[in-house]
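Student:
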Amino acid sequence: MTSDQDIRSKEVRARLVSLGLDPDVVDLEWIANMESDVEAAIDAYRKEPEFIEAKPLFEPEQSLDKTTREN
Amino acid sequence: MQVPKLKGLMRQINGNPSMAAELARQAANEIRPDGGKWKSFISVTDDPHPSESLALDSLLGCLFSVKDNIDVAGAITTCGSNLFAHSPPVVKDAWIVEALKAAGAVCLGKNNMHELALGATGMNPRFGTTRNPWDFDRGVGGSSGGSALAVALRQVHIAFGTDSGGSVRIPAAWCGVTGFKPTPGSLSLQGVAGACLTLDCLGIFSTEVGDLITIWDSLDLPKDSGTDNHSIRLGYLQDESMGPVDPRVWERYQESVDSLKRANFDLTGVSIEGFETAPHVALSVAYPEIASTHMELMRSSAKLYDPEILALLYLGELWSGRNYLDAQRARSLLRHRFWKIISPFDVVLTPTVAAQPPLIGQPAKVEGDSKGTELSTLMRFTVPFNVIGYPAISVPAGLDRDGLPVGLQLIGRPSSDRSLLKIARQVEDVLGIMPSPYDGCTT
Numbered sequence: 001m002t003s004d005q006d007i008r009s010k011e012v013r014a015r016l017v018s019l020g021l022d023p024d025v026v027d028l029e030w031i032a033n034m035e036s037d038v039e040a041a042i043d044a045y046r047k048e049p050e051f052i053e054a055k056p057l058f059e060p061e062q063s064l065d066k067t068t069r070e071n
Numbered sequence: 072m073q074v075p076k077l078k079g080l081m082r083q084i085n086g087n088p089s090m091a092a093e094l095a096r097q098a099a100n101e102i103r104p105d106g107g108k109w110k111s112f113i114s115v116t117d118d119p120h121p122s123e124s125l126a127l128d129s130l131l132g133c134l135f136s137v138k139d140n141i142d143v144a145g146a147i148t149t150c151g152s153n154l155f156a157h158s159p160p161v162v163k164d165a166w167i168v169e170a171l172k173a174a175g176a177v178c179l180g181k182n183n184m185h186e187l188a189l190g191a192t193g194m195n196p197r198f199g200t201t202r203n204p205w206d207f208d209r210g211v212g213g214s215s216g217g218s219a220l221a222v223a224l225r226q227v228h229i230a231f232g233t234d235s236g237g238s239v240r241i242p243a244a245w246c247g248v249t250g251f252k253p254t255p256g257s258l259s260l261q262g263v264a265g266a267c268l269t270l271d272c273l274g275i276f277s278t279e280v281g282d283l284i285t286i287w288d289s290l291d292l293p294k295d296s297g298t299d300n301h302s303i304r305l306g307y308l309q310d311e312s313m314g315p316v317d318p319r320v321w322e323r324y325q326e327s328v329d330s331l332k333r334a335n336f337d338l339t340g341v342s343i344e345g346f347e348t349a350p351h352v353a354l355s356v357a358y359p360e361i362a363s364t365h366m367e368l369m370r371s372s373a374k375l376y377d378p379e380i381l382a383l384l385y386l387g388e389l390w391s392g393r394n395y396l397d398a399q400r401a402r403s404l405l406r407h408r409f410w411k412i413i414s415p416f417d418v419v420l421t422p423t424v425a426a427q428p429p430l431i432g433q434p435a436k437v438e439g440d441s442k443g444t445e446l447s448t449l450m451r452f453t454v455p456f457n458v459i460g461y462p463a464i465s466v467p468a469g470l471d472r473d474g475l476p477v478g479l480q481l482i483g484r485p486s487s488d489r490s491l492l493k494i495a496r497q498v499e500d501v502l503g504i505m506p507s508p509y510d511g512c513t514t
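Taken in sequence, the protein lines are chains B and C.
Going by the numbering used here, the first residue of the first sequence is number 1, and it counts up by one from there.
Going by the numbering used here, the first residue of the second sequence is number 72, and it counts up by one from there.
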């Protein structure tokens, strides 16, 4: 593990503890790597010219009555 | 015993519930309650028979099963996990189960799945790992692997699963069956224990598209927005703009496209740029959504989760609201981006999965992918269409040069599900229906 990874893993541990979660039952390095990879990919979308106009897409082409209907 | 083809069988049964009940009992007796060596089932229905208060008999003779995150009255919904393995049986059918039973179909049981539908390998430490019907040493993928397998082994005619990133289409491709993920919201999720609130979709497996159409037409669904009044225009992925593909998969895919060209389909090659990080968008949405579902349980019963799944849930707890919202905005951006690609066409074709089914315990691999990108390798062609909410279906494209099944994915326009199925049937007419992989199998 590089010193940078080590630092990020320790940060993840501290944040999990602060949330009342047990950090010893998961792979902290994996969490730290996934967190930075996914964040970097999402941040890249912010640089796209269309992003500023983009409205959140929660439930494409569907209405709540359809997903919760009782037939 | 392999169940006889649905169409001929329904004709033979001709509305006779006693014959349908006898067939259901025979078929259920052939299924091992422990899933057998293939691990397709988690539980089998006792004394299966058509409902005594049939509203219709349009599906009399149809035998189906459901992934074990879909409720069936009287059965436990385990979600493939220790967490729920000893829960009490549920009292009410899920919407889809109720709808099929009302039309005369019989549910034979609950299918094995990736634990909590939070993974796509089909590995399950609690109920056993699903095995590929074309090569026992390989996996079927997931998370709806048991449902795909039950159809491939001809244990049932139809099986249902859920698809949040490819969980129906991936195992369909690797089992050599058809797997359909409709437009989100077309099929109600009432009675389904989902994985991700805004990505989940109910999906259907069958051996042939005609059976999917029979099921679709038996359901009370909103009218399709697709039109039938023009010749079909197909776009097809012509390059590796969505990422690298195993050359054996790509070769079979190209052969399928060539077959369609020879059959006079109107085909135009397209590049699909700008979707490389769609799996990351899906993850940024999924982390907090699954953590929201599991918040109490992950604190009270952490030791009952697989550590890899627990790590996903922890990521959801750590995830910022800004990242979640940015990902939802990115979905909208990607949706507009794909609309520009599909707008000249009725359907766009891609391979369903970039890789061959891997050996059990190994990740799916494609040369050219960097280390740590296994999830992207698995879902690169499927998850973008969960992210943007387009319907998609995987149909068998035959076997590659190693004798392993390859899937061809057809992506349709939103709310054109019936039209997509109709086009898929025409494609299937050219490519052919896959034979049973294993005659006389012991299930």
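Ideal placement from N, C-alpha and C gives every residue a C-beta, glycine not left out.
Just so it is clear, the structure is predicted and the values come from calculations on it, not from any experiment.
I'd like the span of the beta strand (DSSP E) that includes Arg-304(C), first residue to last.
Tutor: Working through the second sequence from its first residue, we reach residue 304(C) at position 233. Per DSSP, Arg-304(C) belongs to the beta strand (DSSP E) from 304 to 308.
Student: Just to confirm my understanding: we take Gly-20(B), look at its own chain, exclude 5 residues before and 5 after, and list those with CB closer than 6 Å. What are they?
Tutor: As a working note, residue 20(B) is residue 20 in the first sequence. Correct list: empty, nothing qualifies.
Student: Taking C-alpha atoms, which residue in Ala-398(C), Asn-182(C), Val-466(C), Ser-214(C) lies nearest to Met-194(C)?
Tutor: Within the second sequence, numbered from 1, the residue matching residue 194(C) stands at position 123. Considering only alpha carbons, the answer is Ser-214(C).
Student: Which residues in chain B have a C-beta closer than 9 Å to the C-beta of Gln-427(C)? List them in chain order.
Tutor: Stepping through the second sequence from its first residue, residue 427(C) is reached at position 356. Near Gln-427(C) there are no residues of chain B at all, since even the closest Cβ is about 25 Å away, more than 9 Å.
Student: Using only the alpha-carbon positions, how far apart do Leu-77(C) and Ser-129(C) sit?
Tutor: Taking the first residue of the second sequence as 1, we reach residue 77(C) at position 6. Taking the first residue of the second sequence as 1, we reach residue 129(C) at position 58. C-alpha separation (whole angstroms): 12 Å.
Student: Which value, in whole angstroms, describes the spacing of the CA atoms of Ser-31(C) and Pro-23(B)?
Tutor: It is not possible to answer for residue 31(C), since the shown part of chain C is limited to 72 through 514.
Student: Taking the Cβ atom as the reference point for each residue, do Val-168(C) and Pro-119(C) lie within a distance shorter than 8 Å?
Tutor: On the second sequence, position 97 is the one that residue 168(C) refers to. On the second sequence, position 48 is the one that residue 119(C) refers to. Cβ distance not < 8 Å, so Val-168(C) and Pro-119(C) don't count as in contact.
Student: I need the boundaries of the beta strand (DSSP E) containing Asp-337(C), first residue and last residue.
Tutor: Indexing the second sequence from 1 puts residue 337(C) at position 266. 337 to 341 is the extent of the beta strand (DSSP E) around Asp-337(C).
Student: Is there a Cβ of chain C sitting closer than 8 Å to that of Glu-39(B), yes or no?
Tutor: Taking the first residue of the first sequence as 1, we reach residue 39(B) at position 39. Taking Cβ atoms only, chain C reaches closer than 8 Å to Glu-39(B), which makes this a yes.
Student: Run through chain B and tell me which residues come within less than 8 Å of Leu-125(C), C-beta to C-beta.
Tutor: Residue mapping note: residue 125(C) aligns to position 54 of the second sequence, counting from 1. By Cβ distance, chain B contributes nothing, its closest Cβ being about 16 Å from Leu-125(C), past 8 Å.
Student: Residues of the region 2 to 20 of chain B with a CB closer than 8 Å to any CB of chain C: list them in chain order, please.
Tutor: If the cut-off is 8 Å between Cβ atoms, the region 2 to 20 of chain B has Val-12, Arg-15, Leu-16, Leu-19, Gly-20 near chain C.
Student: Out of curiosity, what's the CA-to-CA distance linking Leu-187(C) and Ala-334(C)?
Tutor: The residue given as residue 187(C) occupies position 116 in the second sequence. The residue given as residue 334(C) occupies position 263 in the second sequence. If I take the Cα positions, the gap works out to 42 Å.
Student: Between which two residues does the beta strand (DSSP E) harbouring Gly-460(C) extend?
Tutor: In the second sequence, residue 460(C) corresponds to position 389, counting from 1. Looking at the DSSP string, Gly-460(C) is not in any beta strand (DSSP E), and its letter there is neither H nor E.
Student: Which residues in the same chain as Ala-253(C) place their Cβ atom closer than 6 Å to its Cβ, once the five residues preceding and following it in sequence are excluded?
Tutor: The residue you call residue 253(C) lines up with position 182 of the second sequence. The question names Ala, but residue 253(C) in the sequence shown is Pro. Correct list, in chain order: Pro-462, Asp-488.
Student: Evaluate Ser-124(C) with the Cβ neighbour count: other Cβ atoms within 10 Å of its Cβ, from every protein chain shown; 16 or more gives buried, anything less gives exposed.
Tutor: Position 53 of the second sequence, counting from 1, holds the residue named residue 124(C). That one is exposed.
Student: Which chain B residues are close to Asp-399(C), counting only those with a beta carbon under 7 Å from its beta carbon?
Tutor: For the purposes of this step, residue 399(C) is taken as residue 328 along the second sequence, with counting starting at 1. The identity of residue 399(C) in the sequence shown is Gln, whereas the question assumes Asp. The answer, in chain order, is Pro-56, Leu-57, Phe-58.
Student: Hey, Ile-284(C) and Leu-481(C) are a contact pair by Cβ (cut 8 Å); roughly how many whole angstroms apart?
Tutor: Position 213 of the second sequence, counting from 1, holds the residue named residue 284(C). Position 410 of the second sequence, counting from 1, holds the residue named residue 481(C). Actually they do not touch by this definition, with Cβ atoms about 14 Å apart.
Student: Between Glu-367(C) and chain B, is there a C-beta pair that is closer than 8 Å?
Tutor: Counting from 1 along the second sequence, the entry for residue 367(C) is found at position 296. For Glu-367(C), the answer is no, since every Cβ of chain B falls outside 8 Å of its Cβ.
Student: Between the region 126 to 145 of chain C and the region 222 to 236 of chain C, are three or more C-beta pairs nearer than 8 Å?
Tutor: They touch, by the three-pair rule.
Student: Any beta carbon of chain B sitting closer than 8 Å to that of His-351(C)?
Tutor: Here residue 351(C) corresponds to residue number 280 of the second sequence, with the count starting at 1. So yes, His-351(C) belongs to the interface.
Student: Can you tell me which of the three DSSP states Gln-73(C) falls into?
Tutor: Within the second sequence, numbered from 1, the residue matching residue 73(C) stands at position 2. Gln-73(C) falls in the coil class under three-state DSSP.
Student: Just to confirm my understanding: we take Ile-413(C), look at its own chain, exclude 5 residues before and 5 after, and list those with CB closer than 6 Å. What are they?
Tutor: Residue numbering aside, residue 413(C) sits at position 342 when the second sequence is read from its first letter. Only Val-419 meet the Cβ criterion.
Student: Going straight from the alpha carbon of Ile-147(C) to that of Ala-165(C), what length do you get?
Tutor: Here residue 147(C) refers to the residue found at position 76 when the second sequence is read from its first residue. Here residue 165(C) refers to the residue found at position 94 when the second sequence is read from its first residue. For Ile-147(C) and Ala-165(C), the distance between alpha carbons rounds to 13 Å.
Student: Are any of the Cβ atoms in chain C nearer than 8 Å to that of Glu-50(B)?
Tutor: What you label residue 50(B) is simply residue 50 of the first sequence in a count that begins at 1. So, interface residue.
Student: Between Val-466(C) and Val-501(C), how many whole angstroms is the CB-CB distance? I'm expecting something under 8 Å.
Tutor: Position 395 of the second sequence holds residue 466(C). Position 430 of the second sequence holds residue 501(C). 10 Å between Cβ atoms; not a contact.
Student: Using only CA atoms, which one of Phe-155(C), Ala-223(C), Gln-97(C) lies nearest to Lys-110(C)?
Tutor: Translated into the one-based positions of the second sequence, residue 110(C) becomes position 39. The shortest Cα separation from Lys-110(C) among Phe-155(C), Ala-223(C), Gln-97(C) belongs to Ala-223(C).
Student: Per DSSP, which residues does Ile-102(C) bridge with? Please list them.
Tutor: Within the second sequence, the letter at position 31 stands for residue 102(C). BP columns for Ile-102(C) are empty, so no partner.
Student: Residues in the same chain with beta-carbon distance under 7 Å from Ile-286(C), minus the five sequence neighbours each way, listed in chain order, please.
Tutor: Here residue 286(C) refers to the residue found at position 215 of the second sequence. Cβ within range, chain order: Ile-229, Ile-275.
Student: Name the chain B residues that come within less than 7 Å of Ser-447(C), Cβ to Cβ?
Tutor: Against the second sequence, residue 447(C) aligns to sequence position 376. Simply none; closest approach about 10 Å.
Student: Under a CB-based cut-off of 8 Å, is Asn-195(C) close to chain B?
Tutor: As a first step, residue 195(C) is located in the second sequence; it is residue number 124 there, counting from the start. Answer no: the Cβ-Cβ gap between Asn-195(C) and chain B never drops below 8 Å.
Student: So who's on the other strand from Asp-206(C), going by DSSP bridges?
Tutor: Here residue 206(C) refers to the residue found at position 135 when the second sequence is read from its first residue. Looking at the DSSP assignment, Asp-206(C) forms a beta bridge with Asn-203(C).
Student: Measure how close the beta-carbons of Pro-350(C) and Ser-447(C) come, nearest whole angstrom, since I'm counting them as under 8 Å.
Tutor: The count along the second sequence starts at 1 and reaches residue 350(C) at position 279. The count along the second sequence starts at 1 and reaches residue 447(C) at position 376. Rounded, the Cβ-Cβ distance is 5 Å, consistent with contact.
Student: Tell me whether Leu-64(B) is buried or exposed, calling it buried when 16 or more other Cβ atoms sit within 10 Å of its Cβ.
Tutor: For the purposes of this step, residue 64(B) is identified with residue 64 of the first sequence, where counting begins at 1. Residue confidence is low: Leu-64(B) scores 37 on pLDDT, short of 50, so the model does not pin down where it sits. Its coordinate-derived value is still stated next. By the 10 Å Cβ count, Leu-64(B) comes out exposed.
Student: Only counting the same chain, and skipping five residues up and downstream in sequence, which positions put a Cβ closer than 7 Å to that of Pro-160(C)?
Tutor: Translated into positions along the second sequence, residue 160(C) becomes position 89. Gly-145, Ala-146, Ile-147, listed in sequence order.
Student: Is Asp-22(B) close to chain C? Criterion is C-beta to C-beta, closer than 8 Å.
Tutor: As a working mapping, residue 22(B) is identified with position 22 in the first sequence. Interface residue, yes.
Student: Would you say Arg-496(C) reaches chain B, if we count a Cβ-Cβ gap shorter than 8 Å as a contact?
Tutor: The residue given as residue 496(C) occupies position 425 in the second sequence. Not an interface residue.
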